[in-house]
Amino acid sequence: MHLLEIENLVVEFETAAGPFRAVDGVSLHVDEGEVLAIVGESGSGKSVSMLAVMGLLPWTAKVTADTMRFAGRDLLSLSAGQRRKIIGKDIAMIFQEPVASLNPCFTVGFQIEEVLRVHMGLDGKARRARAIELLNDVGIPDPEQRLGAFPHQMSGGQCQRVMIAIAIACNPKLLIADEPTTALDVTIQKQILDLLMNLQAETGMGMIMITHNMGVVAETADRVVVQYKGRKMEEADVLSLFEAPRHNYTKALLAALPDRATGDRLPTISSIFNEDIDGGAPA
Amino acid sequence: MSEIVLEGRNLVRDYHIGGGLFSSGRVIHAVKDVSFKVEKGKTLAIVGESGCGKSTLARIITMIDAPTAGELLIDGDKVDLVKDGLTPEMRRKVQIVFQNPYGSLNPRQKIGDVLGEPLLVNTAMPTAERRDRAMQMLLKVGLGPEHFSRYPHMFSGGQRQRIAIARALMLNPRLLVLDEPVSALDLSVQAQVLNLLADLQDEFDLTYVFISHDLSVVRYIADDVMVMYFGEAVEYGGRDRVFSDPQHDYTKTLFAATPRADVESIRARLARRAA
Chain F
0 MHLLEIENLV
10 VEFETAAGPF
20 RAVDGVSLHV
30 DEGEVLAIVG
40 ESGSGKSVSM
50 LAVMGLLPWT
60 AKVTADTMRF
70 AGRDLLSLSA
80 GQRRKIIGKD
90 IAMIFQEPVA
100 SLNPCFTVGF
110 QIEEVLRVHM
120 GLDGKARRAR
130 AIELLNDVGI
140 PDPEQRLGAF
150 PHQMSGGQCQ
160 RVMIAIAIAC
170 NPKLLIADEP
180 TTALDVTIQK
190 QILDLLMNLQ
200 AETGMGMIMI
210 THNMGVVAET
220 ADRVVVQYKG
230 RKMEEADVLS
240 LFEAPRHNYT
250 KALLAALPDR
260 ATGDRLPTIS
270 SIFNEDIDGG
280 APA
Chain X
0 MSEIVLEGRN
10 LVRDYHIGGG
20 LFSSGRVIHA
30 VKDVSFKVEK
40 GKTLAIVGES
50 GCGKSTLARI
60 ITMIDAPTAG
70 ELLIDGDKVD
80 LVKDGLTPEM
90 RRKVQIVFQN
100 PYGSLNPRQK
110 IGDVLGEPLL
120 VNTAMPTAER
130 RDRAMQMLLK
140 VGLGPEHFSR
150 YPHMFSGGQR
160 QRIAIARALM
170 LNPRLLVLDE
180 PVSALDLSVQ
190 AQVLNLLADL
200 QDEFDLTYVF
210 ISHDLSVVRY
220 IADDVMVMYF
230 GEAVEYGGRD
240 RVFSDPQHDY
250 TKTLFAATPR
260 ADVESIRARL
270 ARRAA
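Chains F and X are the protein sequences, given in the same order. Using numbering that gives the first Met the number 0, read the first sequence as starting at 0 and increasing by one per residue. Using numbering that gives the first Met the number 0, read the second sequence as starting at 0 and increasing by one per residue.
The structure is reproduced here in structure tokens:
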């Protein structure tokens, strides 16, 4: 049994011009201890499909799926209250803008302890001890002092570490990281990715890494799903994806990487891949 | 070609911060003693992390800020903002493209007016000619005549960056400062914009100062590379030299931190993971 199993996920938004399909029949699964990367450009529906799993989409979104099962439980048939018990505890998520996703009005200590209070029911002393332990785990120096710091007093990299601390506070079975390093410098990106991969290896949790950066995919993933305009283009293990991409879109995406450039102009996606989604499918 | 378009000699920029009734201020040395030369038609890439002074340097080069000490020479002429001010002729020579195309275009201005404005401010050109020039430039950067009277919100990020580039080119500058022009864009759009920049460089013999933190982009576009760290230029040299034989520890750290997307690195990582 897979940890997370999604079959034929469709997300539609009602717009003035009729329904807009942001995710169009995506199926994927993650096992325990596995890192799945979902890669695609903006508008490919990679974030929306994971927000649908988390139940974080606004009410205007219409989510349907044949199956959406987490650890054997059907997420779609759960009540909102039951679902909230899973979200943030067994499935945790890290967002792209670390500074924006923390509440500026509360100390980071309060925000970490809040998760522990809601999901774990720890008392004040135990919460504080656990919060210090978590900050230590994510590599923030002098954790006792930093508990009292506000998000604006920390750098972007440190805020992302705090977000990771909040996400792993309840030992989740599945961690969804939505572009966790896009807003960060390369050296900080390296530190955060190393931290995530170490935590993943230690705890054996499943992880979904949403990204548009092929370098991040290459550095983290076991298996990769490539999405384009709401549809799944290709799914492969990371080595075969980079070695021998089957779908034309994946080929185009890889060719557009500046480090793979051979001539003095980069091949663009449209020059290789003429928006012809079905025609590019592997035979 | 050996014509030097841009030269910086021991540029320094300090910022004085704070200092009130009861406290003395602090001095931040944003740029410390940086020197460089860029030949006509070449690209100098400035690499570094946030806070390393690369954008301050860009402000000095574009003559938005005056350096605290040191000399800036454009086309061999010394620029002294404090004494001489900024002439329209100098403004014409150097133009800048900013990082975020969502923030650098006025949402209430139509694209035709965006492109016409540099001419309106810096020249005495009649309206009809400004419109013609704007239209030509719009086509040059790969947009259509129908885009002329649209507003910025009607464009995608890549299209907006094209507009920002077009605006910078309206005055036929000699030197274009590109401050992270592709870091907000998708991979495929990034490739298109980089190609556009290369085409324009060939066509107008433009000189670029390309500021970036993405080493793979720098490797692709630059002739010379300067690595900045806490306001200092810790490494400066030809692209191939810097990439094949980095001297400074920070440059090595930077290279080591860049994610590698080649098959051998993936294989090595998977082997480590399995072990």
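No residue lacks a Cβ here, since even glycine has one placed at the ideal position from N, Cα and C.
Through-space distance from residue j to residue i, alpha-carbon basis
i	j	result
P281 of chain F	I5 of chain F	Because the pLDDT of P281 of chain F is 44, which lies under 50, any placement of that residue in the model is unreliable, and the number read from its coordinates should be weighed accordingly. So the alpha carbons of these two residues sit roughly 22 angstroms apart.
K88 of chain F	K231 of chain F	28 angstroms
S103 of chain X	T202 of chain F	44 angstroms
S43 of chain F	G69 of chain X	49 angstroms
V37 of chain X	I3 of chain X	6 angstroms
P97 of chain F	A130 of chain F	18 angstroms
D208 of chain F	L256 of chain F	At residue 208 of chain F the sequence reads Met, which differs from the Asp that was named. So the alpha carbons of these two residues sit roughly 19 angstroms apart.
L168 of chain X	L43 of chain X	18 angstroms
M162 of chain F	L199 of chain X	43 angstroms
P179 of chain F	P244 of chain F	25 angstroms
E112 of chain F	D74 of chain X	60 angstroms
R20 of chain F	K41 of chain X	45 angstroms
I276 of chain F	V78 of chain X	Any reading at I276 of chain F is ruled out, since the residue's pLDDT is 47, under 50, leaving its predicted position unreliable.
L8 of chain F	R218 of chain X	40 angstroms
E11 of chain F	S78 of chain F	21 angstroms
Q152 of chain F	Q144 of chain F	12 angstroms
P103 of chain F	P150 of chain F	6 angstroms
G279 of chain F	L56 of chain F	Any reading at G279 of chain F is ruled out, since the residue's pLDDT is 45, under 50, leaving its predicted position unreliable.
T250 of chain X	V224 of chain X	11 angstroms
M89 of chain X	A123 of chain X	16 angstroms
Candidates the options: closest to residue i by CA position
i	options	result
A99 of chain F	F:R126, F:G156, F:M67	F:G156
T14 of chain F	F:R82, F:V34, F:H246, F:T59	F:T59
L253 of chain F	F:R126, F:L101, F:V38, F:T63	F:V38
E40 of chain F	F:M119, F:T181, F:A260	F:T181
P106 of chain X	X:A163, X:N9, X:G141	X:A163
A274 of chain X	F:A200, F:I90, F:L56	F:A200
G84 of chain X	X:A255, X:Q98, X:I63	X:I63
K228 of chain F	F:L238, F:D258, F:I187, F:Y248	F:Y248
L10 of chain X	X:G17, X:F209, X:V30, X:G18	X:V30
R91 of chain X	X:G111, X:L72, X:T61, X:V113	X:T61
K39 of chain X	X:V208, X:R130, X:R266, X:I95	X:V208
G7 of chain X	X:R161, X:F35, X:H28	X:F35
D112 of chain X	X:D239, X:G18, X:A165	X:A165
Residue-level contact to chain X via CB, residue i, 9 angstroms cutoff
i	result
L238 of chain F	yes
N247 of chain F	no
I276 of chain F	Note that I276 of chain F scores 47 on pLDDT, short of 50, meaning its location in the model is unreliable; the coordinates nonetheless yield the value given after this. With 9 angstroms as the cut-off, I276 of chain F does not count as an interface residue toward chain X.
K231 of chain F	no
T63 of chain F	no
G214 of chain F	yes
G279 of chain F	Low confidence applies here, because G279 of chain F scores a pLDDT of 45, under 50, leaving its location unreliable and the question unanswered by this model.
V185 of chain F	yes
P244 of chain F	no
R264 of chain F	yes
H211 of chain F	yes
Q159 of chain F	no
P97 of chain F	no
K250 of chain F	no
F241 of chain F	yes
Integer Cβ distance of residue i from residue j, believed to fall under 8 angstroms
i	j	result
K172 of chain F	L2 of chain F	6 angstroms
A57 of chain X	V81 of chain X	19 angstroms between Cβ atoms; not a contact.
V107 of chain F	A148 of chain F	6 angstroms
A197 of chain X	D263 of chain F	7 angstroms
R149 of chain X	P100 of chain X	Not really, about 14 angstroms apart at Cβ, beyond 8 angstroms.
R132 of chain X	L119 of chain X	Contact flag wrong, Cβ pair sits at about 11 angstroms.
M92 of chain F	D177 of chain F	6 angstroms
Cβ of residue i within 9 angstroms of any chain F Cβ
i	result
I210 of chain X	no
R107 of chain X	no
V78 of chain X	no
R259 of chain X	yes
D185 of chain X	yes
E48 of chain X	yes
T252 of chain X	yes
L193 of chain X	yes
G143 of chain X	no
G17 of chain X	no
Q98 of chain X	no
V216 of chain X	yes
D22 of chain X	Contrary to the premise, residue 22 of chain X reads as Ser rather than Asp in this sequence. S22 of chain X does not count as touching chain F.
R268 of chain X	yes
How about the region 66-78 of chain F and the region 127-141 of chain F: do they share at least three Cβ pairs that are nearer than 8 angstroms? no
Three or more C-beta pairs under 8 angstroms: does that hold for the region 186-195 of chain X against the region 22-42 of chain X? no
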